[in-house]
Amino acid sequence: MAFITKEKFLSNEWLTAYTYLILGSIIFAVSDILFVVPYKLAPGGVYGIATVLNTLFGWKISYCTFAMEVPLVIIGTIILGPRFGIKTIVSIGIILLTVWIMETYVVPGYPKVIADPMLNTIVAGVFYGIAIGMIFKSRATSGGSDIIAMIFAKYTKLSLGKLVMIVDGIIVLFTLVQPTETGAIGWEFVIYSLIIIYIEGKIIDMVVSGANYHKTVMIVSDQYESIVSKIKGDLKRGATVFTGTGAYSGEERKMVYSVMSRRELEILKLHVKSVDPEAFVNVTEANEIIGKGFKSLNEEEE
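This is the structure in structure tokens:
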């Protein structure tokens, strides 16, 4: 773990990172107590497990989470080494403290703030996504299921992303053991929790990468010079030209590679259509671009 120098402490990067971290952690805690716990939802993580335990036994969310987070951090550090960093520890601490204050003094008893369950689910997903997105932007995590997934990833061949989905999926299924008002199996808990996870994921992408997603475009065309000129001249973007061989024809072709905004892409597509209607155009999402003309590598917090 790198030491924080006086210069780094006073830098804008450090201040921005910890602003995101603190605000994100507080928003996460408030959202959990106001929108998730009252409806007995468990959209993954140790806070999902804590919600189920609260429903079944009446235990406080903060106490349940503390009892799980501390051993997870210790075990994770022993097995994985000090990979979490001070920011993750700070995030865990802020969330725990805020949750304890909320459930002890602000809204004891976890009353329903929003009467409609679907509207509540949407609001929960949005605020969860904003909170976790801000935490991710600070280069930290909120602990919990992330640590569990990293431990399993060390001993299995599954990717970390798949393991996070598996762990959170199992936690969501825990809601089935919760009693419902009618006494039936609580599939509505599962469905609403899954909706939160879906909305949360979309919002996280927007917070981390920006709502105005950029696009990566690859164009195979004999009119590549005109296309490059359009990109460089009118759009003021960079481009790279590759030389390749067509597998079907065996002919050598030129491919133009570039990254640009959605608006710029539409302008470029009109130009390509006018100069070479038979061009091959492949467009993909570019959620994070680092380099000249976009976000500088110096902005990446270590």
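In the UniProt record's numbering, the protein residues as written are 1 to 302.
Glycine included, C-beta positions come from ideal geometry on N, C-alpha and C.
Do you know how far the Cα of Met-102 is from the Cα of Ser-91? Counting from one through the sequence shown, the residue named residue 91 turns up at place 91. Counting from one through the sequence shown, the residue named residue 102 turns up at place 102. Approximately 16 Å between the Cα atoms of the pair.
Thr-156 - containing alpha helix (DSSP H), residue span: If you number the sequence shown from 1, residue 156 lands on position 156. Careful: Thr-156 lies outside any alpha helix (DSSP H) and carries neither H nor E.
Report whether the distance from the Cβ of Ile-185 to the nearest heavy atom of the ligand NAD is below 6 Å. As for the ligand NAD, it is missing from this structure, which has no ligand bound.
Buried or exposed: which applies to Lys-87, given that a residue is buried once 16 or more other Cβ atoms fall within 10 Å of its Cβ? Position 87 of the sequence shown, counted from the start, is the residue given in the question as residue 87. So Lys-87 counts as buried.
Taking its Cβ as the centre, do 16 or more other Cβ atoms sit within 10 Å of Pro-82, making it buried, or is it exposed? What you label residue 82 is simply residue 82 of the sequence shown in a count that begins at 1. So Pro-82 ends up on the exposed side.
Three CB pairs or more closer than 8 Å across the region 113-126 and the region 189-198: yes
Beta-bridge partners of Val-214, as assigned by DSSP: Sequence index remark: in the sequence shown, residue 214 carries index 214 (1-based). What sits at residue 214 in the sequence shown is His, not Val. Bridge partners of His-214: Ser-261, Ala-286.
Ranges of the alpha helix (DSSP H) found wholly within the region 65-120, counting only runs of at least 4: 85-101
Taking 8 Å as the limit between beta carbons, can you name the residues of its chain near residue 310, skipping five residues before and five after? Outside the modelled stretch of the chain, which goes from 1 to 302, sits residue 310, for which no answer is possible.
Given Tyr-224, which residues of its chain have a CB within under 7 Å of its CB, disregarding the five upstream and five downstream residues? Against the sequence shown, residue 224 aligns to sequence position 224. So the qualifying residues of the chain are Val-241, Lys-254, Val-256.
Would you say Ser-229 and Val-275 are within 7 Å of each other, going by their C-beta atoms? Sequence index remark: in the sequence shown, residue 229 carries index 229 (1-based). Sequence index remark: in the sequence shown, residue 275 carries index 275 (1-based). No.
Sorted by chain position, which residues of the same chain lie with C-beta nearer than 6 Å to Thr-284's C-beta, five sequence neighbours on each side aside? By one-based count along the sequence shown, residue 284 stands at place 284. Cβ neighbours of Thr-284 beyond the five flanking positions: Thr-216.
In whole angstroms, what separates the C-alpha of Tyr-110 from that of Thr-98? For the purposes of this step, residue 110 is taken as the residue at position 110 of the sequence shown. For the purposes of this step, residue 98 is taken as the residue at position 98 of the sequence shown. Their backbone Cα atoms lie some 14 Å apart in a straight line.
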